[in-house]
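Colleague:
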Amino acid sequence: MDDRRLKYLLVLPAVTVVLATAVWPLGYSALLSLRSWKLSRSAEPGPFIGLENYLWALQEEPDFLNAVWVTTVFTFWTVLLTTVIALAIAVLLAPGGRLRLTVRTLLILPFAMSPALIGVSWRFMFNPDFGLFQAFFATIIPPLAEVQWLSHPQLALVVVIMADVWGWTPFITLVFIGGLAAVPGETIEAAHLDGAGGWTTFRHVVLPQMTNVIGVAVILKAIFSLKTFDTVYMLTNGGPGTSTQTLAHYVYVNGFKYYDMGYASSVAWLMVLPMAVLTWLYTRFVFARPGRA
Amino acid sequence: MVRPNAARNEAIQVVLIFLVLAVMMIPIFWMGSAAFKYSVDVYQLKLFFEPTLRNFVEITEPPYLIQEKFLNSTIVATVTVALAIPLATLAAYGFSRFRLVGEKMMFVTILATQFLPAVVIVLPFFIMFRDLGLLDTRLGLIIVDLALVMPFGIWMIKGFIDGIPIEIEEAAMIDGASRLQVIGRVILPLAAPGIVTAGIFCFIIAWNEFLFALILTTNEAVTLPVGLALFKAEEGELWHYIAAAGILIMVPMWVLALLIQKHFVQGMTMGAVK
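Following this line, the structure appears as structure tokens:
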């Protein structure tokens, strides 16, 4: 068989699977989002109602706007904290030596944990009666001794953010260590010879050469923050009330607790829009790589 | 004057490194140690305790039967990888070595797939599986997990094939090998370590997957992460059992992750960071 046909046959099965398992559901949920369909009342899809589901979410549903707000706050803080802390740890671990290489290896451990398990672990750590972190914070900040973190609307969100940052920082650190290794040593030596101190060198020599890697990390983390579900579900299940309910959790509740397929699909689609923008930004980094035929 | 300063800096850095290590390991250690405690010891902040393995035995007994969840997780992740990796390898070769009409479009689609919220994908599948009777089956879970691992597989393996010099193939073709023979006898052996790496990576993703399993399984096909929710009694959560199940979820993945640690970053970032 000649290459001109073979090359398409090679990619066809995989592309078909991607189309069937991801693009089809995306299209199908777009159609569902235009229908009224409560699965609890009818096994068959209801009538087309145009954009009513979307308008309902945007105009009539305080819970939707709450989920947008929670997701925004969560994404902002997790992206910021993860990026800054990971950058600091990467700088700390960048030089070689046995201790640093050992710690680098251990960084893989939190990241290989199921996010659901991370959520459970943090609920254990903040158990009001015997949680280790609960006890720790009660000791260093005595006014917090009586506070039940996971029952407090704002503090519960703080715990969710902490758990997520804990889970993601090791991985982003590894990304940054890779980025730091790609910064040519001569540029740093030259800065030192010119009399620049550690911070000045980092700020004006290293950081500018890291913009691409930081960009990739920020977008990637933002995407994963926006769709956070597992950790939230296991840690707080959106509560207390709806104070830690992210958009993904809100879709889950509407789809699989209230069985409102039409409405859940419309909110899911509202989630896809910011994701599409971020994905488009991300492709610019992926395709910016030189040397691809 | 420079020397004592450098020594002091290094001392501060070592302290900071140990601080990082502590924050990273304490939740893992604390949760992990609960798996080996008698339940009375879990409910006290005890650092020293009499270790026991009975939690691991008890979670295999009714009504928990954790070994069934372990089996489900193993089968689902294994079959998903076994289906995804051969297809991903062929596609990766195609994308690596040829220019295709609509290539960029296909790339963006594959990439975007990876970034879709899982909750968007699962709604239509829930409805379809309900009609087809695939809810609460391992087959159903394998089908949706394919959506999850396929893009990672294609991207990672393509990265490895990109690194194989094309001259090797040309030499084989001059010796009369067909394109398929080249793939089978030249590319596969050279890319094998990369293909195995991608397979392990996809296995970890499928193993840790939670949302699909939560929604699409209820009883028969429940996997380990969803099984964590089983350990509840009237008096509350049974943390010593949860911790034991947690060990079963994370320790096998640690072993696999350490095998492929150098490639973890590349896989997760879809090659945007090498």
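Order-wise, the sequence lines are chains U and Y.
Under this note's numbering, the first sequence has 114 at position 114, and the numbering climbs by one with no breaks.
So the mapping is simple: this note's numbering equals the position in the second sequence, first residue as 1, plus 1000.
Just so it is clear, CB atoms sit at the ideal spot from N, CA and C, and this is done for glycine as well.
Would you mind telling me which residues of chain Y sit closer than 8 Å to U:L174, beta carbon to beta carbon, in chain order?
Modeller: Under the 8 Å cutoff, chain Y gives F1264 and V1265.
Colleague: Mind pulling the chain U residues with CB within less than 7 Å of Y:R1138?
Modeller: Residues of chain U passing the Cβ test: none, with the nearest at roughly 16 Å.
Colleague: Since U:F48 sits in a beta bridge, which residues does DSSP pair it with?
Modeller: Answer is U:R35.
Colleague: Here's a check: name, in chain order, each residue in its chain whose Cβ is nearer than 8 Å to the Cβ of U:A116, leaving out the five neighbours to either side.
Modeller: Contacts found: D230, T231, Y233 and M234.
Colleague: Considering just the uninterrupted stretch of the alpha helix (DSSP H) at U:D2, what are its terminal residues?
Modeller: Note, U:D2: premise wrong, no alpha helix (DSSP H); not H, not E.
Colleague: When you compare the CB of U:S121 with every CB in chain Y, is at least one pair closer than 7 Å?
Modeller: So yes, U:S121 belongs to the interface.
Colleague: Spell out whether any CB of chain Y is found under 7 Å from the CB atom of U:A145.
Modeller: False, the Cβ-Cβ gap to chain Y never drops below 7 Å.
Colleague: Helix, strand or coil, according to DSSP, for U:A248 in the structure here?
Modeller: Note: U:A248 maps to helix in three-state DSSP.
Colleague: Shortest alpha-carbon distance to Y:A1245 belongs to which of Y:L1019, Y:V1057 and Y:Q1044?
Modeller: Ranking the options by Cα distance to Y:A1245, first place goes to Y:V1057.
Colleague: Hey, is Y:A1221's beta-carbon within less than 7 Å of any beta-carbon in chain U?
Modeller: So no, Y:A1221 is outside the interface.
Colleague: Flag Y:M1106 as yes if its beta-carbon sits less than 7 Å from any beta-carbon of chain U, otherwise no.
Modeller: With 7 Å as the cut-off, Y:M1106 counts as an interface residue toward chain U.
Colleague: Quick one: give me the first and last residue of the alpha helix (DSSP H) that Y:K1158 is part of.
Modeller: Unbroken alpha helix (DSSP H) run through Y:K1158: R1138 to D1162.
Colleague: Taking U:I89 as the reference, give the member of U:D129, U:P128, U:F111 and U:V103 with the closest Cα.
Modeller: Checking every option, the nearest Cα to that of U:I89 belongs to U:V103.
Colleague: Provide the residue span of the alpha helix (DSSP H) that contains U:M261, from first to last.
Modeller: That run of the alpha helix (DSSP H) goes M261 to F287.
Colleague: Reducing DSSP to helix, strand and coil, say where U:G238 ends up.
Modeller: Of the three classes helix, strand and coil, the one that applies to U:G238 here is coil, per DSSP.
Colleague: How about Y:F1210: is its C-beta nearer than 7 Å to some C-beta of chain U?
Modeller: Closer than 7 Å: yes.
Colleague: With a cut-off of 7 Å, does the C-beta of U:G178 fall near any C-beta of chain Y?
Modeller: So yes, U:G178 belongs to the interface.
Colleague: Quick check on DSSP: helix, strand or coil for Y:E1010?
Modeller: Helix at Y:E1010.
Colleague: What whole-angstrom Cβ distance do U:I85 and U:V11 have, given they're in contact under 8 Å?
Modeller: 40 Å between Cβ atoms; not a contact.
Colleague: Buried or exposed for U:K227, please, with buried defined as at least 16 other CB atoms from any protein chain shown within 10 angstroms of its CB.
Modeller: Under this definition U:K227 is a buried residue.
Colleague: If U:N127 and U:T242 are in contact, beta carbons under 8 Å, what's the gap, nearest whole angstrom?
Modeller: Rounded, the Cβ-Cβ distance is 22 Å, inconsistent with contact.
Colleague: Step through the CB atoms of chain B and report whether any lies within less than 7 Å of the CB of Y:F1115.
Modeller: Of the protein chains in this structure, namely U and Y, none is chain B.
Colleague: Tell me, please, whether the region 1070-1084 of chain Y touches the region 1200-1208 of chain Y by the rule of three or more beta-carbon pairs shorter than 8 Å.
Modeller: The answer is yes - the region 1200-1208 of chain Y touches the region 1070-1084 of chain Y, with three or more Cβ pairs under 8 Å.
Colleague: Which residues, taken in chain order from the region 244-257 of chain U, show a beta carbon closer than 7 Å to some beta carbon of chain Y?
Modeller: Here the close residues are A248, V251, Y252, G255 and F256.
Colleague: Give the straight-line distance between the Cα atoms of Y:I1110 and Y:H1240, rounded to the nearest whole angstrom.
Modeller: Spanning the two alpha carbons is a distance of roughly 41 Å.
Colleague: Closest to Y:F1212 by CA distance: which of Y:G1153, Y:T1269 and Y:L1123 is it?
Modeller: Taking only the C-alpha atoms, the option nearest Y:F1212 is Y:L1123.
Colleague: Apart from the five residues just before and just after U:S266, which ones in its own chain have a Cβ nearer than 7 Å to its Cβ?
Modeller: S33, N53, Y54 and A57.
Colleague: Kindly give me the distance between the Cβ atoms of Y:V1221 and Y:I1154, rounded to whole angstroms, as I take these residues to be in contact under 8 Å.
Modeller: Looking at the sequence provided, one finds Ala at residue 1221 of chain Y rather than Val. With 8 Å as the limit, Y:A1221 and Y:I1154 do not qualify as a contact, their Cβ atoms being about 26 Å apart.
Colleague: In chain Y, what lies closer than 7 Å to U:Y28 by C-beta?
Modeller: Those within 7 Å of U:Y28 in chain Y are P1124.
Colleague: Within 10 angstroms of its Cβ, does U:V175 collect 16 or more other Cβ (buried), or is it exposed?
Modeller: By the 10 Å Cβ count, U:V175 comes out buried.
Colleague: What are the start and end residues of each continuous alpha helix (DSSP H) run of 4 or more residues lying completely inside the region 1030-1114 of chain Y, in chain order?
Modeller: Qualifying alpha helix (DSSP H) stretches, in chain order: 1039-1042, 1054-1058 and 1066-1097.
Colleague: Go ahead and pull the three-state DSSP assignment for U:R292.
Modeller: The predicted position of U:R292 is uncertain, since its pLDDT is 39 and thus under 50; a value taken from the coordinates is nonetheless stated next. Correct three-state label for U:R292: coil.
Colleague: Check distances from the C-beta atoms of the region 94-113 of chain U to those of chain Y and list, in chain order, the residues that come in under 8 Å.
Modeller: Cβ contacts with chain Y: L99, R100, V103, T105, L106, L107, I108, L109, P110, F111, A112 and M113.
Colleague: From the DSSP secondary-structure annotation, give me the bridge partner or partners of Y:E1237.
Modeller: The partner list for Y:E1237 (beta bridge, DSSP) reads Y:K1232.
Colleague: Would you say Y:R1179 faces chain U, with C-beta separation under 7 Å as the test?
Modeller: Closer than 7 Å to some Cβ of chain U, the Cβ of Y:R1179 qualifies, so yes.
Colleague: What residue range does the alpha helix (DSSP H) around U:N127 cover?
Modeller: Per DSSP, U:N127 belongs to no alpha helix (DSSP H) and is neither H nor E.
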